[in-house]
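If you're matching positions, the sequence shown starts at 317 in this note's numbering and goes up one per residue.
Even glycine gets a Cβ: it sits at the ideal position worked out from N, Cα and C.
Below you'll find the structure, written out as structure tokens, and then a few comments.
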Amino acid sequence: MTALAAPPPSSPQATPPPAKGVAQPRSLFDLEILRLAAVGSLRKLSPRAQVRNPVMFVVLVGTGVTFLEAIAHPSVFSWSVTAWLLLTVLFANFAEAMAEGRGKAQAATLRRTRTGTLARRLGAGGSEERVPTSALSRGDLVVCEAGDLIPSDGEVVEGIASVDESAITGESAPVIRESGGDRSAVTGGTKVLSDRIVVRITAEPGHTFLDRMISLVEGANRQKTPNEVALTILLAALTLVFLPVVVVLQPFSRFSDILSHTHGSLDVVTLVALLVCLIPTTIGALLSAIGIAGMDRLVQRNVLAMSGRAVEAAGDVQTLLLDKTGTITLGNRVASRFVPVGGHDDQEVAEAAQLASLADETPEGRSVVVLAKRLFQIRERDMAEGPVFVPFSASTRMSGIDLGARRVRKGAAGAVRQWVAAQGGTVPPELDDVVEGLARSGSTPLVVADGPEVLGVIELKDVVKEGIRERFDNLRAMGIRTVMVTGDNPLTAAAIAQEAGVDDYLAEATPERKMELIKAEQAGGKLVAMMGDGTNDAPALAQADVGVAMNTGTTAAKEAGNMVDLDSNPTKLIDVVEVGKQLLITRGALTTFSIANDVAKYFAIIPALFSATYPQLNALNIMRLHSPTSAVLSAVMFNALVIVALVPLALRGVKWRPAPAMVALRRNVLVYGVGGLVVPFVFIKLIDLFLTAVGWH
């Protein structure tokens, strides 16, 4: 592993279960969703809605043609074909409505988190007035105390409080929100559990994070991705290719009748049925459902994607940049051990360190007290002498306590060394080696002194989140290179990078250097993902192809990214990548299946239609279908029913396994290519046998 130097902008460079929350996956056979999808499939029959899907628009037009033909020349065959063509369109609409319905059901759950509560808005001079949430504007200050719902998105500008965010994330454990830093952002609809905070509103009414969540899961603003647009163009092109092929069959059939002195010319209904069977209706019917379902699967994992393009890009990510603090590590350095010097033991160091930290309210100071209690059961003690606490200050770089004549201090090595010398004491010779060794390992050393004696050193270190190394191993298996970006010095960055198991790291990273690194990777043709939670991560999140912001992060970070992780779990990117790859593979698999279907239907129907005129075609008529009309109707029925059969696969997605591209392609061809050739022969024959059994001629 080597440290990365951010190249100049011009340099050419190169699954856990879903979280339990509001976006819970719903059953594919949820009765309410099925009912809404059935109604939606009828509403989508509008030509204005169908024209967005060229393949299905052709089927709808063909249905209208066969309907008119059935009225003009009524027959069981013409009415049967018309009915099954209509069902083909309805089944395609049903697949899309099912995908949309799952999102709308989740949106309904989110809407229930909104209430019409009044907000306590601060006025001039600190006065309060109760106003409806809808009356709040960006910049307003509101007061929230224990039991209050936070009325809108904002940032804590005063105080600290415990907040229940289960209405948004589904996580039962409350979180701490405080003014300043990267833990100040709060979301409308969450509940304050303790203390009092003042929140500055950062969103206008109707444009809150919750409003955006609802809009996203409903899919109302979903646009087609470039890949999806390209596939739509391909399907339209295939449709146009088959159109003249089917049209020329009519004069070809008439010419055959003249030669053979028969009257079996293909009528309009048969030609339309042939066209529908030969164009790629299967993938055309399921394409929208696949895209919507991809975003829905992310919502089920408590990740909000702002666009389908971001989900698709996640499937091709090659480089992942992760912010260290709060992403790879827990966020605050904590005391990990006591190192004695000068002949003292670690319990003496722990007792003095605990005394010096009693008034230290920083996370680091509290961690010293916790460590002393855990290792040596050191608890609060009676201090009848009247302790004088010495708070930490930037000038002294120390904190401590005075107990009568006893003076205990902890702080930076240089500051404590000078203080000890001023007390007439001496510094043990091994202190410098201990301090330097801890600093080289990436830890922060705090020296503890009791008057003129140096007792030892407290090691403060970043705590890498549990299981992070294994998750990075999984990313590596997917072919994704992980890069940790941090403002720490190179020694500290190297130690954390090695412990976390990332591939590379960028130390002393400024927002500009992060952006330069992302641009350099993109210039090399790579798709880059970035995870972060701070305001300083916002430029990089905006530049990355996939920018995943932590929900616990700042508003700037969440607005810059194109995804938001509601669980604020840095390893969630594995789920994001898996869903992205699953979307691409599902689309590719069903496209392969659809095209193979078309080939199979072509060789199943054409020989049956012309074998009477050209007996030589009997060699290709391997299924021995009962009659030309039963062959056509069987193919039309199969063409409609296969859409319904594939809806669950389109919504759930094809299972993705980490494997080289050639292995995935081979599996795709063998399973969905060969399967797409075999399945139509089998089921068209079965349908033909059924039609024959019920007396079809």
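Just to confirm before moving on: does the CB-CB distance between residue i and residue j stay below 8 Å?
i	j	result
isoleucine 901	alanine 980	yes
isoleucine 717	phenylalanine 708	no
leucine 347	leucine 602	no
valine 562	leucine 590	yes
alanine 823	methionine 846	no
alanine 816	arginine 792	no
threonine 398	alanine 956	no
glycine 463	glutamate 416	no
valine 960	phenylalanine 373	no
glutamate 444	arginine 454	no
glycine 758	alanine 825	no
threonine 598	valine 958	yes
What is the DSSP secondary structure of residue i, reduced to helix, strand or coil?
i	result
glutamate 444	strand
aspartate 1061	Nothing about residue 1061 can be reported from this structure: the residues present for the chain run from 317 to 1013 only.
arginine 499	coil
proline 332	Because proline 332 carries a pLDDT of 37, less than 50, the predicted location of this residue cannot be relied on, and the following value inherits that uncertainty. In this structure, proline 332 counts as coil in the three-state DSSP scheme.
glutamate 481	coil
threonine 518	coil
leucine 843	coil
valine 619	strand
glycine 337	Note that glycine 337 scores 40 on pLDDT, short of 50, meaning its location in the model is unreliable and no value can be drawn from it.
glycine 803	coil
valine 375	helix
leucine 402	helix
serine 450	helix
arginine 829	helix
phenylalanine 708	coil
valine 970	coil
glycine 504	coil
alanine 924	helix
aspartate 789	helix
leucine 457	strand
glutamate 677	coil
alanine 865	strand
arginine 538	Low local confidence applies: a pLDDT of 49 at arginine 538 is under 50, so the model's placement there is unreliable, with the coordinate-based value given in what follows. Reduced to three states, the DSSP call for arginine 538 is coil.
methionine 1014	With the chain running from 317 to 1013 in the structure shown, residue 1014 is simply not present.
tryptophan 1012	coil
aspartate 883	coil
isoleucine 513	strand
glycine 470	strand
asparagine 369	coil
valine 564	coil
Would you kindly report the start and end of the unbroken beta strand (DSSP E) that includes residue i?
i	result
lysine 1001	Where lysine 1001 is concerned, there is no enclosing beta strand (DSSP E), although the alpha helix (DSSP H) it sits in stretches over 990-1009.
alanine 651	650-656
threonine 524	From DSSP, threonine 524 is part of no beta strand (DSSP E); its letter is neither H nor E.
Among all the DSSP beta bridges, which residues are the ones paired with residue i?
i	result
glycine 761	In the sequence as presented, glycine is not what sits at residue 761; that position holds proline. Glu775, per the DSSP bridge assignment.
threonine 645	Val780
threonine 742	Glu769
threonine 635	Arg797 and Val844
isoleucine 492	Ser478
isoleucine 717	Phe705 and Val724
leucine 465	Lys507
Going by the C-beta, is residue i closer than 7 Å to any heavy atom of the ligand COA?
i	result
alanine 816	You won't find the ligand COA in this model; it holds no ligand whatsoever.
Looking at the C-beta of residue i, does it have a partner C-beta in chain B at a distance below 8 Å?
i	result
glutamate 348	Looking at the structure shown, chain B is missing, and only one protein chain is on hand.
Could you give the first and the last residue of the continuous alpha helix (DSSP H) run that contains residue i?
i	result
alanine 872	871-876
arginine 364	363-366
arginine 436	Arginine 436 -> not in any alpha helix (DSSP H); beta strand (DSSP E) instead, spanning 434-438.
serine 357	347-359
alanine 858	854-859
leucine 594	584-594
Segment contact, 8 Å Cβ cut-off, at least three pairs: the stretch 470-482 with the stretch 510-520: Three or more beta-carbon pairs drawn from the stretch 470-482 and the stretch 510-520 are found closer than 8 Å, and the two stretches are therefore classed as touching.
Does the pairing of the stretch 909-921 with the stretch 984-1002 give three or more beta-carbon distances under 8 Å? yes
contact_flag[the stretch 606-617, the stretch 375-390] where n(CB pairs < 8 Å) is 3 or more: The stretch 606-617, when compared against the stretch 375-390, does not touch it at the 8 Å Cβ threshold.
Validate contact between the stretch 723-738 and the stretch 762-782 using beta carbons, cut 8 Å, 3 pairs: yes
Any contact between the stretch 613-623 and the stretch 864-880? By contact I mean 3 or more CB pairs, one from each, below 8 Å. Yes, they touch.
Taking 8 Å as the threshold, find out whether the stretch 748-764 comes into contact with the stretch 656-672 through three or more Cβ pairs. yes
If you pair each beta-carbon of the stretch 659-669 with each one of the stretch 832-852, do three or more pairs fall below 8 Å? no
For the 8 Å Cβ check, are there 3 or more pairs between the stretch 1002-1012 and the stretch 940-953? The stretch 1002-1012, when compared against the stretch 940-953, does touch it at the 8 Å Cβ threshold.
Count the C-beta pairs between the stretch 891-899 and the stretch 490-501 that are closer than 8 Å, then say yes if the count reaches three, no if not. These segments do not touch.
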